[in-house]
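Enquirer: Residue numbers (our numbering): 1 to 416. C-beta: ideal position from N, C-alpha, C; glycine also.
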Amino acid sequence: MIKIGIIGVGTVGEAVVKNLKKNKEIIKARAGKEIKVVKGVVRDLNKKRDINIPLTTDYKEVTQDPEIDIVVELMGGVESAYKVVKDALIHKKAVVTANKALLAYHRFELQKLASTPFGYEASVAGGIPIIKALRDGLSANDIIEIKGIINGTCNYILSEMKKGRDYQEVLKEAQKLGYAEANPTFDVGGYDAAHKLLILASIAYNIDAKPEDILIEGIENINLMDIEFAKEFGYEIKLLGIAKKIDNKIELRVHPTLIKKEEMIAKVDGVMNAVSVIGDTVGETMYYGPGAGGDATASAVISDIIEIARGIKAPMLGFKLPLNKNYKLKEIDEIESKYYLRIATKDKVGVLNKITNVLAKHNISIETFLQKPKDNFAKLLFSTHKCKEKEIKKAIKEIEAFDFVLKPINYIRIEE
1 MIKIGIIGVG
11 TVGEAVVKNL
21 KKNKEIIKAR
31 AGKEIKVVKG
41 VVRDLNKKRD
51 INIPLTTDYK
61 EVTQDPEIDI
71 VVELMGGVES
81 AYKVVKDALI
91 HKKAVVTANK
101 ALLAYHRFEL
111 QKLASTPFGY
121 EASVAGGIPI
131 IKALRDGLSA
141 NDIIEIKGII
151 NGTCNYILSE
161 MKKGRDYQEV
171 LKEAQKLGYA
181 EANPTFDVGG
191 YDAAHKLLIL
201 ASIAYNIDAK
211 PEDILIEGIE
221 NINLMDIEFA
231 KEFGYEIKLL
241 GIAKKIDNKI
251 ELRVHPTLIK
261 KEEMIAKVDG
271 VMNAVSVIGD
281 TVGETMYYGP
291 GAGGDATASA
301 VISDIIEIAR
311 GIKAPMLGFK
321 LPLNKNYKLK
331 EIDEIESKYY
341 LRIATKDKVG
351 VLNKITNVLA
361 KHNISIETFL
371 QKPKDNFAKL
381 LFSTHKCKEK
391 EIKKAIKEIE
401 AFDFVLKPIN
411 YIRIEE
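#1: Can you check DSSP and say which residues form a bridge with Thr-63?
#2: Once you ignore the five residues that flank Lys-33 on each side, which residues in its own chain have a CB closer than 8 angstroms to its CB?
#3: With a threshold of 8 angstroms on Cβ separation, who are the neighbours of Ile-186 within its own chain once the five nearest residues in sequence on each side are excluded?
#4: Over what stretch of residues does the beta strand (DSSP E) that includes Lys-316 continue unbroken?
#5: Quick check: the region 154-167 against the region 269-286, are there 3 or more CB pairs under 8 angstroms?
#6: In chain order, what are the residue ranges of uninterrupted beta strand (DSSP E) at least 3 long that sit wholly in the region 380-416?
#7: Indicate whether the contact test is met: 3 or more Cβ pairs, each with one atom in the region 97-107 and one in the region 195-210, closer than 8 angstroms.
#8: Taking just the CA atoms, how far does Gly-126 sit from Thr-63?
#9: Can you tell me which of the three DSSP states Met-225 falls into?
#10: Within its chain, find whatever has a CB closer than 8 angstroms to the CB of Val-17; leave out the 5 residues flanking it on each side and keep chain order.
#11: Less than 6 angstroms between C-beta atoms, sequence neighbours within five positions excluded: which residues of the same chain meet that for Asp-333?
#12: What does DSSP give as the partner residue(s) for Tyr-339 in the beta ladder?
#13: List in chain order: all unbroken alpha helix (DSSP H) runs of 4+ residues lying wholly within the region 142-182.
#14: Can you give the beta carbon distance from Gly-294 to Ala-15, rounded, assuming they're within the 8 angstroms contact cut?
#15: Along the beta strand (DSSP E) that carries His-255, what are the first and last residues, could you check?
#16: Would you say Ala-300 and Val-254 are within 8 angstroms of each other, going by their C-beta atoms?
#17: In this structure, what does DSSP give as the bridge partners for Leu-329?
#18: Give the DSSP-derived three-state secondary structure of Asn-15 in the structure shown.
#19: Provide the residue span of the alpha helix (DSSP H) that contains Asn-353, from first to last.
#20: Give me, in chain order, the residues of the same chain whose beta-carbon lies closer than 7 angstroms to that of Ile-144; leave out the 5 immediate sequence neighbours on both sides.
#21: Ends of the beta strand (DSSP E) at Leu-370?
#22: Any idea what DSSP makes of Glu-73, helix, strand or coil?
#23: Since Ser-337 and Ile-414 are thought to touch, with beta carbons under 8 angstroms apart, how far apart are those beta carbons, to the nearest angstrom?
#24: Strictly by DSSP, which residues pair up with Leu-215?
#25: What are the boundary residues of the beta strand (DSSP E) that Val-275 is part of?
#26: Report whether the distance from the Cβ of Ser-139 to the nearest heavy atom of the ligand COA is below 7 angstroms.
#27: If you count every other CB in all the chains shown that lies within 10 Å of the CB of Thr-368, and 16 or more means buried, which is it?
#28: What first and last residue would you give for the beta strand (DSSP E) that runs through Tyr-287?
#29: With DSSP as the reference, label Tyr-191 as helix, strand or coil.
#30: Quick check on Arg-342: buried or exposed, where buried means 16 or more other Cβ atoms within 10 Å of its Cβ?
#31: Hey, how far is the Cα of Lys-47 from the Cα of Val-85?
#32: Counting only beta-carbon separations shorter than 8 angstroms, does Lys-325 have a partner in chain D?
#33: Within 10 Å of its beta-carbon, does Gly-148 have 16 or more other beta-carbons around it, so buried, or fewer, so exposed?
#34: Can you give me the C-alpha to C-alpha distance between Ala-378 and Leu-370, rounded to a whole angstrom?
#35: Asn-248: which of Lys-330, Ala-174, Val-170 and Asn-223 sits nearest, CA to CA?
#36: For the putative contact between Ala-203 and Arg-135, defined by C-beta atoms under 8 angstroms, what is the C-beta separation to the nearest angstrom?
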């Protein structure tokens with residue numbers, strides 16, 4: 001028998017307990033052993049729960065119990081979770097976690113400590129088995145690019161905005177439906193997706209970057225004018241996590257992105273997640289499914305438990321030896337992309353000429369242009385050819401200094 005201790009018995013923890021019980025026989029047949037949750041750690045013992053397992057408030061009763069084989073960490077957070085997981089590994093427990101924030105900051109430290117199996121399938125894209133696909137199924141490949149919709153909240157909001165609905169209206173609805181938290185910044189600001197992207201990039205490139213090191217932008221400034229431009233020019237707007245290998249440098253970025261509507265990933269709407277991986281041997285593979293929710297996340301947690309019960313111990317981040325290629329993180333200012341710009345200006349002669357002169361000065365050429373009259377001012381919508389991040393930022397700063405520019409300029413990267 002494999003004995004499990006769960007630290008953090010909330011929505012996902014309860015779902016793990018229930019699904020282990022519901023599918024007990026098939027799980028036993030697949031794992032080769034019976035799997036039983038013998039203890040849970042919670043903050044409040046008085047809170048009613050729809051499960052019947054022994055509970056405690058002391059995590060050491062799980063991490064240091066010689067009878068427990070696998071510690072499942074579902075408490076969330078970063079430093080407290082790190083302390084708990086570290087204690088479990090020091091006491092030679094196998095660990096399973098769904099905690100992407102923990103791994104975004106401490107995955108390489110935990111890998112050094114992990115002499116026992118360490119599963120984290122549930123940390124990225126919920127029920128989609130993207131970790132095992134990337135680490136094991138695609139292990140023969142040099143990964144060229146990863147591109148993913150890995151936050152269902154943002155995808156839901158942008159999908160609804162395509163119907164002509166306002167951002168704030170849809171955000172309130174997402175909160176009411178439970179897709180977004182009362183404080184939605186972590187999701188709509190792109191941080192949740194960034195944590196997940198960093199985990200995937202570690203498996204693909206063995207690169208140790210932190211959230212502070214990479215480009216992260218959210219969807220808060222997207223409005224219906226941007227959606228209209230996208231539609232008119234054959235694009236969809238998605239919040240994407242993007243990892244790319246260019247020579248010996250790795251681009252890591254999370255931001256709203258204009259992508260051609262013909263692309264498979266552009267067709268993914270609602271709260272669903274999708275990840276595209278391009279390998280040099282296999283080409284492009286796509287992974288689609290629910291990215292959050294108790295049962296979807298529990299499915300991934302239990303898959304790790306079964307793998308450990310079978311006696312399988314894959315290298316945590318997919319590398320048994322150091323990687324000869326010492327990839328460096330590409331500096332944010334050096335990233336190249338096409339851009340869409342939305343500029344609100346006074347409706348007067350000479351405005352367009354001055355803006356295009358500034359863009360030309362920074363070696364930025366215009367690909368498409370639209371002008372949308374709006375009461376007593378104009379909205380100018382541009383898309384550019386490819387240029388560097390540092391050049392577009394310099395140009396934007398210079399254009400915003402003109403007295404005819406009425407608001408900060410909004411810009412979205414174009415991925416083709």
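Expert: Here's the rundown:
#1: DSSP output for Thr-63 lists no bridge partner at all.
#2: The residues are Met-1, Ile-2 and Ala-309.
#3: This sequence places Phe at residue 186; Ile is not what is there. Result list for Phe-186: Asp-192, in chain order.
#4: A small correction: the amino acid at residue 316 is Met; Lys does not occupy that position in the sequence shown. First-last for Met-316: undefined, no H or E at that position.
#5: yes
#6: 410-415
#7: Enough Cβ pairs lie closer than 8 angstroms, so yes.
#8: Distance between the alpha carbons of Thr-63 and Gly-126: 25 angstroms.
#9: It is helical.
#10: Its chain contains Ile-6, Val-9, Val-37, Gly-40, Ile-51 and Ile-53 as the residues whose beta carbon lies nearer than 8 angstroms to that of Val-17, once the 5 sequence neighbours on both sides are disregarded; these appear in chain order.
#11: Glu-389 and Lys-390
#12: Arg-413
#13: 152-161 and 167-177
#14: 4 angstroms
#15: Per DSSP, His-255 belongs to the beta strand (DSSP E) from 249-260.
#16: no
#17: Ile-250
#18: Reading off the sequence, residue 15 comes out as Ala, not Asn. DSSP places Ala-15 in helix when its eight states are reduced to three.
#19: Looking at the DSSP string, the run of the alpha helix (DSSP H) that includes Asn-353 is 351-361.
#20: Lys-245, Ile-278, Gly-279 and Asp-280
#21: 366-374
#22: Strand, per DSSP.
#23: 6 angstroms
#24: Arg-253
#25: 272-279
#26: Summarising the ligand content, the structure contains no ligands, and the ligand COA is consequently not present.
#27: exposed
#28: 283-290
#29: helix
#30: buried
#31: Val-85 has its alpha-carbon roughly 24 angstroms from the corresponding atom of Lys-47.
#32: Reference to chain D is not applicable here, since this structure consists of a single protein chain.
#33: Classification of Gly-148: buried, given that the 10 Å Cβ count is 16 or more.
#34: Leu-370 has its alpha-carbon roughly 10 angstroms from the corresponding atom of Ala-378.
#35: Lys-330
#36: The question names Ala, but residue 203 in the sequence shown is Ile. That belief holds up - the Cβ atoms of Ile-203 and Arg-135 are roughly 5 angstroms apart, short of 8 angstroms.
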